[in-house]
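Read the structure below first, then the notes.
There are 2 protein chains.
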Amino acid sequence: MSDVARENHGDLIASDRIEGTTVYNRQGERLGHISNFMVDKRSGQVRYAVLSFGGFLGIGNDHYPLPWSMLSYDTDKGGYVVDLARDILDQAPRHLPEERPDYDDAYGRSVFHYYGLIYPW
Amino acid sequence: MSDVARENHGDLIASDRIEGTTVYNRQGERLGHISNFMVDKRSGQVRYAVLSFGGFLGIGNDHYPLPWSMLSYDTDKGGYVVDLARDILDQAPRHLPEERPDYDDAYGRSVFHYYGLIYPW
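Keeping their order, the protein sequence lines are chains A and B. Here full-length UniProt numbering is used: position 73 in the first sequence is 73, and no number is missing along the way. Here full-length UniProt numbering is used: position 110 in the second sequence is 110, and no number is missing along the way.
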């Protein structure tokens with residue numbers, strides 16, 4: 001098998017498998033799980049994973065949009081890993097589960113800026 | 001608002017809103033709905049929408065991976081539109097709901113080739 005073929009093989013994941021996947025930080029702490037993720041309608045590019053964090057049994061938790069590039073999948077853990085100390089989330093952009101932000105440019109910039117990333121659109 | 005801002009505003013859709021969305025063809029026939037979609041783990045690029053079609057009340061239906069670029073969203077219809085006559089699906093690559101193909105290069109090529117598209121990876 002060529003390198004290209006190897007790179008592509010099994011490199012896809014189903015949307016409903018991403019949803020619900022546990023998210024850890026580099027310290028191995030469980031931060032929460034991915035509730036859903038935001039996709040650019042036209043290009044099909046995933047822009048944000050929405051981290052569900054806090055609350056108890058999913059009640060009263062908050063949703064935190066994370067730029068997709070922050071997440072890497074750890075096959076050993078069976079979950080996503082982000083380089084994110086828990087207390088960084090204290091001031092992070094969030095919304096209630098039943099709310100959906102507009103995801104306009106201003107919002108996108110504020111999210112990327114919060115995590116020290118350049119907003120690329 | 002600049003053109004760029006206008007282009008980006010509201011241009012994102014939540015993964016769980018894509019799932020379940022009705023798919024029509026250009027003749028206005030309801031083909032089925034999107035059961036889920038396949039995402040490139042690394043790049044976050046959506047590659048296939050999986051069309052659930054046939055059967056009765058979701059029982060006995062088949063799943064058809066469609067290259068994402070085939071779909072366009074029609075706000076009037078509130079669903080996706082594909083340029084696809086129903087009988088094209090007769091011979092199209094499909095799998096049972098409980099099966100998940102490997103989505104390796106050979107499979108990807110066969111899907112793209114079936115719909116007359118160039119496999120870009």
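Where a beta carbon is used, it is the ideal one built from N, C-alpha and C, also for glycine.
Reducing DSSP to helix, strand and coil, say where residue 34/A ends up.
-> For this step, residue 34/A is matched to residue 34 along the first sequence. Three-state DSSP puts residue 34/A in a strand.
Go through its chain and collect everything with a Cβ distance to residue 31/A's Cβ below 6 Å, but skip five positions before and after it.
-> Within the first sequence, the letter at position 31 stands for residue 31/A. Cβ within range, chain order: 23, 25, 53.
Listed from N- to C-terminal order along the chain, which residues in the UniProt domain "PRC-barrel" (12-84) of chain A have their beta-carbon within a distance smaller than 7 Å of any beta-carbon of chain B?
-> Those residues of the UniProt domain "PRC-barrel" (12-84) of chain A that come within reach of chain B (Cβ to Cβ, closer than 7 Å) are 12, 13, 14, 15, 16, 18, 19, 36, 37, 38, 39, 40, 41, 42, 44, 45, 46, 47, 68, 73.
Got a sec, what are the start and stop residues for the beta strand (DSSP E) residue 47/B sits in?
-> The count along the second sequence starts at 1 and reaches residue 47/B at position 47. For residue 47/B, the enclosing beta strand (DSSP E) stretches over residues 46-53.
Can you find a C-beta in chain B that's less than 8 Å from the C-beta of residue 115/A?
-> The count along the first sequence starts at 1 and reaches residue 115/A at position 115. Cβ-Cβ to chain B under 8 Å: no for residue 115/A.
6 Å Cβ shell around residue 51/B - same chain, five flanking residues per side excluded | As a working note, residue 51/B is residue 51 in the second sequence. Once the five neighbours on either side are set aside, the close Cβ partners of residue 51/B are 23, 32, 64, 66.
Excluding the 5 residues preceding and the 5 following residue 18/B in the sequence, name in chain order all residues of the same chain whose CB lies nearer than 8 Å to its CB.
-> Taking the second sequence and counting its residues from 1, the one referred to as residue 18/B is at position 18. Within the same chain, and ignoring the five residues on either side of residue 18/B in sequence, the residues whose Cβ sits closer than 8 Å to its Cβ are 34, 37, 49.
Under 8 Å Cβ-Cβ, which residues of chain B neighbour residue 100/A?
-> Translated into the one-based positions of the first sequence, residue 100/A becomes position 100. By Cβ distance, chain B contributes 14.
Pull up the DSSP beta-bridge partners for residue 64/A, would you.
-> One-based indexing of the first sequence puts residue 64/A at position 64. Answer by DSSP bridge pairing, in chain order: 51/A.
Taking only the alpha-carbon atoms, compute the straight-line gap between residue 42/B and residue 75/B and give it to the nearest angstrom.
-> Mapped onto the second sequence, residue 42/B falls at position 42. Mapped onto the second sequence, residue 75/B falls at position 75. The straight-line gap from Cα to Cα measures roughly 30 Å.
Inter-residue spacing [alpha-carbon to alpha-carbon] between residue 68/A and residue 28/B | Locating residue 68/A in the first sequence gives position 68, where the first residue counts as 1. Locating residue 28/B in the second sequence gives position 28, where the first residue counts as 1. Cα-Cα distance, rounded: 35 Å.
Would you call the CB atoms of residue 92/B and residue 119/B closer than 8 Å?
-> On the second sequence, residue 92/B is found 92 positions in, with the first residue counted as 1. On the second sequence, residue 119/B is found 119 positions in, with the first residue counted as 1. No, the pair does not count as a contact, with Cβ atoms beyond the cut-off.
Over what stretch of residues does the alpha helix (DSSP H) that includes residue 18/A continue unbroken?
-> As a first step, residue 18/A is located in the first sequence; it is residue number 18 there, counting from the start. In the DSSP assignment, residue 18/A falls within the alpha helix (DSSP H) that extends over 15-18.
Closest by C-alpha distance to residue 11/A, when choosing among 61/A, 72/A, 62/A, 20/A | One-based indexing of the first sequence puts residue 11/A at position 11. Residue 11/A has its Cα closest to that of 72/A, out of 61/A, 72/A, 62/A, 20/A.
If you draw a straight line from the alpha carbon of residue 81/A to that of residue 110/B, how long is it in whole angstroms?
-> The count along the first sequence starts at 1 and reaches residue 81/A at position 81. The count along the second sequence starts at 1 and reaches residue 110/B at position 110. The straight-line gap from Cα to Cα measures roughly 33 Å.
Indicate whether residue 14/B and residue 94/A have their beta-carbon atoms separated by less than 8 Å.
-> Reading the second sequence from its first residue, position 14 is the one you call residue 14/B. Reading the first sequence from its first residue, position 94 is the one you call residue 94/A. In this structure, residue 14/B sits away from residue 94/A, with a CB-CB distance that is not shorter than 8 Å.
Check the C-beta distance from residue 96/A over to residue 62/A and give it rounded, since I have them as a contact under 8 Å.
-> Counting from one through the first sequence, the residue named residue 96/A turns up at place 96. Counting from one through the first sequence, the residue named residue 62/A turns up at place 62. Taking C-beta atoms under 8 Å as the contact rule, residue 96/A and residue 62/A qualify, at a distance of about 7 Å.
Quick one: give me the first and last residue of the beta strand (DSSP E) that residue 74/B is part of.
-> As a working mapping, residue 74/B is identified with position 74 in the second sequence. Note, residue 74/B: beta strand (DSSP E), 72-74.
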